[in-house]
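For reference, the structure is listed below as structure tokens.
In the working numbering, the protein residues as written are 5 to 265.
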């Protein structure tokens, strides 16, 4: 009876499939390993998301404590990213990208949200890669990297969260944060308008940003009408007060575990 090792004729075996079966099993094992490690990456995001959800009920005076708690979670994320990169064969990033791209986009959103609430600025793509352990390692670029598309999707993901933050800030009696968020979202929306987006998915999601802008503007209009915004914004209340690029870079180094002692 013929086994899977070869296809034989009366003159002997003419096709030996044994190497192909071994190759197939090896590829299946690799796919399973990458899929499992991608799940670990998603767990990292969910841990960060659960923690960052606290911004909706945390006064601005206690935000620094919340930021401190993200540091070990980002450290864990970088460890998982490194383990995932080790599994992916060289020059096969695009082959396996679909397995982990969704988690990478979500993690980008977590980085962006963390940086915004602390510094009032938009984290750059390179800084995001730095926090996630995807920068400064040329040997990893053919295995795992942060694509521009993933970064932009992550930015849109976190923008969708800001209208909710604006509403909850008002509930906490914080009337400055919605004004800052309105300015920030409008600036980012204007930046996206300068991009000639060819990607259908990005284009559709970008079109949705205008609804986030509208929601936050309505909140600002409402509290302005009630005379709840008084005086100059000195950054003493709320979150997302603009602190500039130096403050952002200092925070990025801290989140990336590279801050000087």
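Here a beta-carbon is modelled for each residue, glycine too, at the ideal position from N, C-alpha and C.
Remember, predicted model here, so these are calculated numbers, not experimental data.
{"Check": "Do you know how far the Cα of residue 159 is from the Cα of residue 143?", "Outcome": "27 Å"}
{"Check": "Between which two residues does the alpha helix (DSSP H) carrying residue 220 extend?", "Outcome": "213-229"}
{"Check": "Which two residues bound the contiguous alpha helix (DSSP H) that contains residue 68?", "Outcome": "67-91"}
{"Check": "Could you give the C-beta distance for residue 135 and residue 256, rounded to a whole number, given that I count them as a contact under 8 Å?", "Outcome": "6 Å"}
{"Check": "Cα-Cα, which of 88, 152 and 54 is closest to residue 203?", "Outcome": "152"}
{"Check": "Mapping the DSSP letters down to three states, classify residue 196 as helix, strand or coil.", "Outcome": "helix"}
{"Check": "Quick test of your reading: residue 88 and residue 148, contact by CB under 8 Å. State the CB separation rounded to the nearest angstrom.", "Outcome": "6 Å"}
{"Check": "Going residue by residue through the region 85-151, where are the continuous beta strand (DSSP E) segments of at least 3 residues, counting only ones entirely within it?", "Outcome": "none"}
{"Check": "Relative to the alpha-carbon of residue 240, which residue among 66, 45 and 39 has its alpha-carbon at the smallest distance?", "Outcome": "66"}
{"Check": "So, does the region 242-257 touch the region 215-224, judging by three or more C-beta pairs under 8 Å?", "Outcome": "no"}
{"Check": "Starting from residue 243 and walking both ways along the alpha helix (DSSP H), at which residues does that stretch end?", "Outcome": "No alpha helix (DSSP H) holds residue 243; DSSP gives it neither H nor E."}
{"Check": "Could you check whether residue 180 and residue 124 sit closer than 8 Å to each other, using their CB atoms as the reference points?", "Outcome": "no"}
{"Check": "Taking the beta carbon of residue 19 as the centre, do at least 16 other beta carbons fall within 10 Å, making it buried, or is it exposed?", "Outcome": "exposed"}
{"Check": "By DSSP, does residue 158 sit in helix, in strand, or in coil?", "Outcome": "helix"}
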